[in-house]
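Comments concern the structure below.
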Amino acid sequence: MTRRPSACPRLLPALVAACVAGCLGPAAFRVDGDDTGTPVVADTPAPDATGDTAAPVDTGPPPPPLRPAPAGLRTLTPAQYVASVRTVLGAAGDGLEVPSLGAWATSVGAAQGGIPAGTAVAYEGAARAVATAVFDDPDRRAALVDCTPAADPADPCTAAFVAQVGRRAFRRALDEAEQARWVAVAEAVAAEAGAWEALRLVLSGLLQSPSFLYRVELGEPDPTAPPDAPRLRYADTELATRLSYLLWGDAPDEALLDAAEAGLLADPTGLEAQVDRMLADPRAAHGLEAFLRELLQVDGLQIVEKDEALFPDFPQQREALADQLLQTALAAVREQGGFRALFTTRTLFVDDRTAPLYGLPSPGSILPSRVTAPAERAGVLTTAGFLALHAYPGKTSPALRGLFVRKTLLCHAIKPPPAGVVTVLPDRTDQGLVTTRELVAVHQDTPACGACHRYMDPIGLGLEQFDALGRYRQTEHGLPIDPSGELDGIAFADGAALGGLLAQHPALLPCVAAHLVAQAGGFTVDDAHPEVEALAVGQGGAAAMLRAVALSDLFRLAWPADPEVTP
Amino acid sequence: MSRGLSRRTFLRGALAGGGLATVGLPLLDAMTNLGGTAHADGTPFPQRFALWFWGNGTHPGSWAPATTGTGWQATGLLAGLAGLEDQIQVVSGSKLATKGVNNPHVEGACGILTGGNPVLHPDYASTNNDWDYMTVPAPSLDELAADLVGNPGRRSLTLGVTALHGVNGPGTAVRYTSHRAPYVYNAPVFDPVAVFDELFGPRPPDALRASVLDAVLEDGRALQARLGAEDRARVELHLEALRDLELRVREGTVDQTCASPTAPVSAASYREKARQHAQLVAYAFACDLTRVATMEFSSPASHVFYPDVYGSQLVYNGSPTSFHEYEHNVGYDSSVLTGLAYFHDVFGDFLRELRAVPEGGGSVLDHAVVLGTSEVAGGAGHTFEDFPLFVAGGGNGRLRPGRHVRLNGGLATRVGLTCLRALGDTRSGWGSEQLATTSEISSLLAP
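Just so you know, the protein sequences line up as chains G and S, in that order. Residue numbers 20 to 586, in this note's numbering, belong to the letters of the first sequence in order. Residue numbers 83 to 529, in this note's numbering, belong to the letters of the second sequence in order.
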């Protein structure tokens with residue numbers, strides 16, 4: 020999701036002049052490796068930067084029409100796996116621990132990678148553990164199986180179990196061969212170990228079957244496509260699966276599968292009816308949560324390292340920081356009008372482990388409490404979770420924080436440091452300790468660094484009053500901290516003010532739309548495409564944008580995975 | 083795919099030949115011929131490959147031994163390898179000729195491990211963030227090795243010690259050292275206790291569980307029939323792992339002819355954890371549970387603290403700093419050199435554990451090819467000249483350990499090809515584009 024130079028006109032005036040410098044350029048990487056990338060151009064003025072910032076600057080041809088993603092397989096993300104196991108189990112899984120397994124934490128990765136050997140073995144173990152937990156507990160077992168199976172090849176209870184649980188697991192009805200296969204497994208096991216054991220093993224099989232672990236979205240010919248376009252549309256239950264993971268972060272429910280099998284999703288009215296039903300369902304909060312988890316890279320808090328001497332309590336805070344970052348974001352988007360509120364919300368969630376980081380009194384519980392943010396904080400950028408995630412173990416990094424805002428929230432491409440550039444900051448120890456602001460000033464003074472860092476550091480410096488674990492501080496090494504910064508030509512006073520500017524940034528909502536399309540479809544898209552921009556509807560209300568995505572051609576249609584294969 | 087010599091086949095043969103008498107004896111000593119070059123029934127020891135990887139390189143220009151040829155001395159950064167000189171071939175002076183157009187850690191990892199340049203899936207053409215999106219162009223050396231040495235029921239082991247490099251996307255090039263294919267990696271297992279349990283915990287045969295796996299495999303094959311070539315290949319790798327699992331489950335893993343290592347206890351230090359993993363690899367090799375192991379001590383570009391070495395004493399401008407950051411900021415000062423020496427200490431432990439398990443008249447290390455390397459030569463300036471490369475072990479007589487070879491700017495990928503040759507590879511060359519090579523270092527190989 021990167022912006023092309025032709026997107027410059029949408030940027031604020033001060034960025035226009037610089038936007039075509041090498042740092043924010045089109046990516047020219049190719050998988051065949053012939054010419055891998057546009058080298059970073061040092062701080063050269065844009066040839067078309069005339070200073071006339073009122074007129075749109077056209078720096079290239081318009082992007083080609085956006086094609087939908089190729090049809091194909093996607094693995095479940097860990098969050099989707101947990102939710103899907105629970106959906107298969109229904110009430111039988113209430114309160115049951117389901118391990119968060121999966122090779123690909125991001126939707127885009129899940130559309131490319133496979134299931135490595137270690138993960139396959141882990142899925143098998145988890146499937147057996149879950150099945151055992153359900154069948155060892157009479158109440159859970161009764162909730163899952165409403166009949167009594169018998170060790171008989173024609174046992175109707177076994178056949179019904181395979182059909183019902185199989186449909187929930189595969190997110191479609193089993194075909195005849197599948198039904199026969201799993202009934203045969205049950206029959207063989209029942210003869211040796213009894214009919215209940217047979218159902219337990221069938222459940223352990225269905226929960227690790229490729230048809231459960233992969234989202235199979237292969238498409239079918241689109242009857243509305245122009246004659247020469249190899250365009251596909253997702254078939255009924257495939258579209259149901261896409262809808263449910265997008266809107267609920269979960270597998271389809273019975274009603275959605277019923278509607279799909281009745282062909283209702285192929286009809287615009289029927290599709291709208293289901294989308295509106297799903298957005299009004301409480302499960303829509305889970306879909307939004309899944310989106311925000313990926314957008315804000317919340318899972319990164321599982322692996323981020325903090326210095327033990329400086330932050331001895333971090334191991335106990337890690338999980339709470341992740342949960343509360345997500346809760347803060349979810350509450351902002353749901354209760355305060357949409358995605359812009361992510362960066363202005365004054366509502367935070369803290370518990371006894373995290374309240375001290377904010378200088379707040381402990382609420383007396385390790386369950387999160389809703390609190391009003393201290394004056395110096397506003398929005399998710401000032402939550403301890405976000406600030407800890409985008410910092411080094413023992414110190415802050417204006418570049419990392421600025422990079423996240425620039426790249427992930429505004430969809431501006433920033434190239435990594437080029438090879439050959441020495442990233443060593445000069446040794447200033449002869450001058451005593453200096454502030455981080457002084458230390459990174461060299462980026463701006465060195466063209467090879469400044470070409471990119473000037474798009475990152477002035478943003479991140481606005482968050483310097485928050486240390487590597489997000490604690491408020493007014494000094495560093497005893498020196499006063501200047502928390503002012505600049506975002507695309509507009510100066511701001513501190514981190515809270517940065518959030519206000521970001522909330523109103525013209526690139527924000529198109530970028531969020533691009534993330535929605537990317538997560539929904541498992542492929543990255545350029546937010547500057549008109550098809551994507553069109554999804555940034557209204558003032559960024561989540562339901563409205565999700566609805567627009569779910570009904571869009573980008574989401575409903577597909578492209579053949581193998582171009583040489585004509586559907 | 084060739085499964086090579088099956089451990090089951092071997093065991094059945096051994097038992098039929100009177101091998102029952104060895105039950106309870108440690109390892110396979112009593113089952114080898116007098117010269118120790120083969121099992122008692124004449125079956126040669128399997129060839130093995132281990133990759134030992136650490137992130138952020140070494141100190142180019144000063145790490146290598148002073149003398150070349152035989153009789154090299156492990157001193158300076160290599161002091162932790164002292165006593166192992168006769169088991170190691172040091173290759174210095176080579177260059178990993180990266181293109182210099184992507185992040186150097188990404189290019190270096192892809193180059194040394196897969197002999198090629200990082201690639202980006204066409205779907206990510208609108209991104210350009212190296213480690214968030216890029217992957218390897220081809221399987222890594224350990225996966226090629228697995229194809230060569232055969233699969234006795236577990237294709238390979240991938241073990242990790244320190245935290246993996248953080249990546250906010252599907253990119254795998256710096257996070258994982260072991261790749262089966264682009265974007266398909268082998269995730270390391272970190273906990274030696276779990277590895278022990280998986281490898282050596284008694285597992286009686288379970289035919290019913292195996293029958294479930296059979297049905298899962300049938301589901302997978304039916305799915306494959308509906309897929310295009312690329313997706314079919316993705317599922318195939320998954321099914322391959324399930325077939326391995328099915329075999330282990332059907333036959334059980336109780337092996338009365340092979341001793342187990344001591345069960346590890348939760349380790350306090352990285353070094354101890356790495357040593358426990360090393361011991362598990364040694365016994366897994368000796369018992370032919372697998373023939374390939376990858377030890378990712380630290381990821382390419384890893385931002386690890388190494389409390390074993392520094393506590394939290396590595397401080398730059400008043401703040402505790404990871405090794406990677408510190409090295410970038412300060413260069414090769416005495417603290418950095420201490421850390422670099424420590425990597426070699428831990429690598430030395432790995433070799434010592436392999437040497438400690440007797441096999442035939444020698445040790446497991448005599449029947450293995452071990453490659454130790456990193457993704458850059460020098461971490462401070464992202465340099466690629468004088469790349470750190472160690473080829474250890476006897477390789478079943480295919481290698482000539484105990485020497486130091488200086489390459490004078492030759493391609494570092496020649497060492498990877500040399501390892502493949504030692505494992506019996508006959509391909510014309512290895513690597514792609516500017517990193518491709520057809521010339522192994524013949525002086526490392528037995529004539």
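Just so you know, even glycine gets a beta-carbon here, dropped at the ideal spot from N, CA and C.
Does the count of Cβ pairs from the segment 147-162 of chain S and the segment 180-189 of chain S closer than 8 Å reach three? no
Any chain S beta carbon closer than 8 Å to A577 of chain G: As a position in the first sequence, residue 577 of chain G is number 558, starting the count at 1. Closer than 8 Å: no.
Give me, in chain order, the residues of the same chain whose beta-carbon lies closer than 6 Å to that of Q306 of chain S; leave out the 5 immediate sequence neighbours on both sides. Here residue 306 of chain S is taken as the residue at index 224 of the second sequence, counted from 1. Correct list, in chain order: R314 and V317.
Opening and closing residue of the beta strand (DSSP E) in which S380 of chain S lies: Counted from its first residue, the second sequence places residue 380 of chain S at position 298. Unbroken run through S380 of chain S: none, as it is neither H nor E.
What did DSSP end up calling G508 of chain G once you bin it into helix, strand or coil? Here residue 508 of chain G is taken as the residue at index 489 of the first sequence, counted from 1. Of the three classes helix, strand and coil, the one that applies to G508 of chain G here is coil, per DSSP.
What I want to know is whether the C-beta of W201 of chain G ends up closer than 7 Å to one or more non-hydrogen atoms of the ligand PLP. With respect to the ligand PLP, the structure shown offers nothing to examine, as it has no ligands at all.
Would you give the residue range spanned by the beta strand (DSSP E) that V452 of chain S belongs to? One-based indexing of the second sequence puts residue 452 of chain S at position 370. A450 to T455 is the extent of the beta strand (DSSP E) around V452 of chain S.
Please return the same chain residues whose Cβ sits closer than 7 Å to the Cβ of G557 of chain G, not counting the five positions on each side in sequence. The residue given as residue 557 of chain G occupies position 538 in the first sequence. Once the five neighbours on either side are set aside, the close Cβ partners of G557 of chain G are A563.
So, do the segment 156-174 of chain G and the segment 235-243 of chain G have three or more beta carbon pairs nearer to each other than 8 Å? no
Using a Cβ-Cβ cut-off of 6 Å (strictly less than) and excluding sequence neighbours within five positions of F367 of chain S, which residues of its own chain qualify? Residue 367 of chain S sits at position 285 when you count from the first residue of the second sequence. Taken in chain order, the residues that qualify are R130 and V446.
Short of 7 Å in beta carbon distance, which residues of its chain neighbour T106 of chain G, apart from the five on each side in sequence? Order them along the chain. Here residue 106 of chain G refers to the residue found at position 87 of the first sequence. Contacts found: R187, D269 and A270.
If you reduce the DSSP assignment to three classes, tell me which class H141 of chain S lands in. Counting from one through the second sequence, the residue named residue 141 of chain S turns up at place 59. The answer is coil: DSSP assigns H141 of chain S none of H, G, I, E or B.
Ends of the alpha helix (DSSP H) at H548 of chain G? Looking up residue 548 of chain G in the first sequence gives position 529. That residue, H548 of chain G, is in no alpha helix (DSSP H); it is neither H nor E in DSSP.
Hey, does N268 of chain S have any beta-carbon neighbour from chain G nearer than 8 Å? As a position in the second sequence, residue 268 of chain S is number 186, starting the count at 1. Answer yes: the Cβ-Cβ gap between N268 of chain S and chain G drops below 8 Å somewhere.
Supposed contact pair L120 of chain G and P97 of chain G - C-beta distance, whole angstroms, cut 8 Å: Taking the first sequence and counting its residues from 1, the one referred to as residue 97 of chain G is at position 78. Taking the first sequence and counting its residues from 1, the one referred to as residue 120 of chain G is at position 101. About 6 Å separates the two Cβ atoms, so the contact holds.
When DSSP labels each residue in this structure, what does Q171 of chain S get in the three-state scheme? Working through the second sequence from its first residue, we reach residue 171 of chain S at position 89. Strand.
Helix, strand or coil at P417 of chain G [DSSP, three-state]: Position 398 of the first sequence, counted from the start, is the residue given in the question as residue 417 of chain G. Here P417 of chain G sits in helix by DSSP.
Give the interface partners of E324 of chain G over in chain S, defined as CB-CB distance under 8 Å, in chain order. Along the first sequence, one-based indexing puts residue 324 of chain G at 305. In chain order: A245, H385, V386, F387 and S404.
Can you find a C-beta in chain S that's less than 8 Å from the C-beta of F542 of chain G? Walking along the first sequence from the start, residue 542 of chain G turns up at place 523. Chain S contact via Cβ: present.
Please return the same chain residues whose Cβ sits closer than 6 Å to the Cβ of Y408 of chain S, not counting the five positions on each side in sequence. As a working note, residue 408 of chain S is residue 326 in the second sequence. L396 and Y398.
Look at V451 of chain S and A375 of chain S and say whether their C-beta atoms are less than 8 Å apart. In the second sequence, counting from the first residue as 1, residue 451 of chain S sits at position 369. In the second sequence, counting from the first residue as 1, residue 375 of chain S sits at position 293. No, the Cβ-Cβ distance between V451 of chain S and A375 of chain S is not below 8 Å.
Can you name the residues of chain G whose CB is closer than 7 Å to the CB of Y206 of chain S? Position 124 of the second sequence, counting from 1, holds the residue named residue 206 of chain S. Result: T543.
Express the C-alpha separation of G114 of chain G and P172 of chain G in angstroms, rounding to a whole number. Sequence index remark: in the first sequence, residue 172 of chain G carries index 153 (1-based). Sequence index remark: in the first sequence, residue 114 of chain G carries index 95 (1-based). About 34 Å.
Spatial distance of P529 of chain S from L320 of chain G (CA atoms): Here residue 529 of chain S refers to the residue found at position 447 of the second sequence. Here residue 320 of chain G refers to the residue found at position 301 of the first sequence. Straight-line Cα distance between these residues: approximately 53 Å.
What are the complete beta strand (DSSP E) segments, minimum 3 residues, inside the segment 377-414 of chain G? 388-391
Taking the alpha-carbon positions, what's the I433 of chain G to D288 of chain S distance? Walking along the first sequence from the start, residue 433 of chain G turns up at place 414. Walking along the second sequence from the start, residue 288 of chain S turns up at place 206. Distance between the alpha carbons of I433 of chain G and D288 of chain S: 53 Å.
With 16 other Cβ atoms within 10 Å as the buried cut-off, status of Q538 of chain G: On the first sequence, residue 538 of chain G is found 519 positions in, with the first residue counted as 1. Q538 of chain G comes out buried.
Report all residues from its chain with a CB closer than 6 Å to the CB of F418 of chain S; omit the five preceding and five following residues, and keep chain order. One-based indexing of the second sequence puts residue 418 of chain S at position 336. Note that residue 418 of chain S is Val in the sequence shown, not Phe. Once the five neighbours on either side are set aside, the close Cβ partners of V418 of chain S are E409.
What first and last residue would you give for the beta strand (DSSP E) that runs through F236 of chain S? Residue 236 of chain S sits at position 154 when you count from the first residue of the second sequence. The residue asked about is misnamed: residue 236 of chain S is Arg in this sequence, not Phe. Here R236 of chain S belongs to no beta strand (DSSP E), and DSSP marks it neither H nor E.
Bridge partners for A132 of chain S per DSSP, in chain order? Indexing the second sequence from 1 puts residue 132 of chain S at position 50. BP columns for A132 of chain S point to S:A375 and S:V452.
Contact between the segment 173-182 of chain S and the segment 491-504 of chain S is defined here as three or more beta-carbon pairs at a separation below 8 Å; is this criterion met? yes
Quick check: what's the CA-CA separation for G356 of chain G versus F330 of chain G? Residue 356 of chain G sits at position 337 when you count from the first residue of the first sequence. Residue 330 of chain G sits at position 311 when you count from the first residue of the first sequence. So the two alpha carbons sit approximately 36 Å from each other.
To the nearest angstrom, how far is it from the Cα of A302 of chain G to the Cα of W267 of chain G? One-based indexing of the first sequence puts residue 302 of chain G at position 283. One-based indexing of the first sequence puts residue 267 of chain G at position 248. At residue 302 of chain G the sequence reads Arg, which differs from the Ala that was named. Computed Cα separation, rounded: 5 Å.
Sufficient close CB pairs (3 or more, under 8 Å) joining the segment 472-482 of chain S to the segment 259-278 of chain S: no
Are the segment 529-537 of chain G and the segment 545-560 of chain G in contact at 8 Å, needing three or more beta carbon pairs? yes
Rounded to whole angstroms, what's the CA-CA distance from Y365 of chain S to A132 of chain S? Just pull it up for me. What you label residue 365 of chain S is simply residue 283 of the second sequence in a count that begins at 1. What you label residue 132 of chain S is simply residue 50 of the second sequence in a count that begins at 1. Roughly 13 Å between the two C-alpha positions.
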